[in-house]
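Below is one structure, written out as structure tokens; comments come after it.
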Amino acid sequence: MLSESCCRRLDWDFEKLINPKFEAQWARYTPRSPIHHRWDPNRPLWLEVGAGTGGFFRQLAAENPQPTFLAIERDRHRGKTLESRAQKAGLDNFVGLRANAVPWVLHYVPEGALDRVYILYPCPWPKTSERKNRWYLHPFMEILLRKLRSGGHIIWASDQQFYIEEAAYTCDKKFSLRQIKKGELSPHPLNFLDRFESGRTKFEVDFLSKQQPCFELLVEKP
């Protein structure tokens, strides 16, 4: 539960952490490897931001042929591994990219095209001075929500409870998203925990093996 002072700070952030030039700056940069011609717009498009080496989406793609799974990782080493493993998997519905998700999604994902977005264990940027980098306060959220269809979902997970609490407050107060679930990890049709009992990502596997609490937020765009 957020304190009153934390809520006031977030309310202040909603007004002050605004960069009107953000989208225009990224619009001038065209990222590499456009793959918009590779996915069928008639299929649901699922996106994982910060996908690491892509194990979560790669397994889901093998088990679920209908959606297109787009996994993006910015880190050079993990991103190269992601691309290599995606190519070796040979799945028509799984695409792995080493890229910055901000310009890539801005340029190559049509508005209203995303069905689901998974943001699993992002860097929490715990220092107050770094909070503008947290995804829910980042200018990219405005873009991401335009790309998400009505009725689409965002699935967050973190080992930091404050991150999920603040994300929930922001999704409600700033973006008017409908909360489906918030709290400690537990199986839900949107999170696939029943298929990944040991963990969906490298971080989650590590946290769960140490019996460290993990938290999640599931929201829907009206």
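Here the sequence shown stands for residues 6 to 227, numbered as in our numbering.
Here a beta-carbon is modelled for each residue, glycine too, at the ideal position from N, C-alpha and C.
Simplified DSSP state of residue i, which is helix, strand or coil
i	result
isoleucine 159	strand
alanine 2	This structure gives no information on residue 2, because the portion of the chain shown stretches from 6 to 227.
arginine 121	strand
tryptophan 51	strand
phenylalanine 197	coil
glycine 101	strand
arginine 139	coil
leucine 153	strand
cysteine 128	coil
serine 214	helix
serine 89	helix
proline 108	helix
isoleucine 148	helix
lysine 264	Since the first residue of the chain shown is 6 and the last is 227, residue 264 is not available in this structure.
serine 134	helix
serine 10	helix
Beta bridge counterpart(s) of residue i as assigned by DSSP
i	result
lysine 187	Leu222
threonine 73	Leu50
glutamate 78	Arg103
C-alpha distance - residue i paired with residue j, whole-angstrom precision
i	j	result
proline 46	serine 10	44 Å
alanine 94	serine 8	47 Å
serine 163	tyrosine 34	30 Å
glutamine 92	asparagine 138	31 Å
serine 191	glutamine 64	20 Å
glutamine 217	phenylalanine 197	19 Å
glutamate 135	leucine 22	11 Å
isoleucine 148	lysine 215	36 Å
leucine 96	threonine 206	20 Å
glutamate 189	phenylalanine 201	16 Å
lysine 179	tryptophan 130	20 Å
proline 108	glycine 117	17 Å
tyrosine 126	lysine 187	15 Å
tyrosine 168	tryptophan 140	10 Å
isoleucine 160	arginine 14	24 Å
leucine 182	arginine 37	32 Å
arginine 79	glutamine 30	18 Å
valine 114	valine 100	13 Å
cysteine 12	aspartate 18	10 Å
Nearest-angstrom Cβ-Cβ length linking residue i and residue j, presumed shorter than 8 Å
i	j	result
asparagine 69	proline 144	The pair is not a contact, with the Cβ atoms about 32 Å apart (cut-off 8 Å).
leucine 52	valine 122	5 Å
leucine 111	glutamate 28	7 Å
proline 227	aspartate 120	Their Cβ separation, rounded to whole angstroms, is 15 Å, which puts proline 227 and aspartate 120 out of contact at 8 Å.
Closer than 9 Å to chain C by CB, residue i
i	result
tyrosine 34	This model lacks chain C altogether, as it is built from one protein chain only.
Checklist line | Segment contact flag, the stretch 197-213 with the stretch 174-184, C-beta cutoff 8 Å, min 3 pairs | finding: no
Check: With contact counted as at least three CB pairs below 8 Å, one residue from each stretch, are the stretch 70-88 and the stretch 147-156 in contact?
Finding: Contact between the stretch 70-88 and the stretch 147-156 is absent, because fewer than three Cβ pairs lie under 8 Å.
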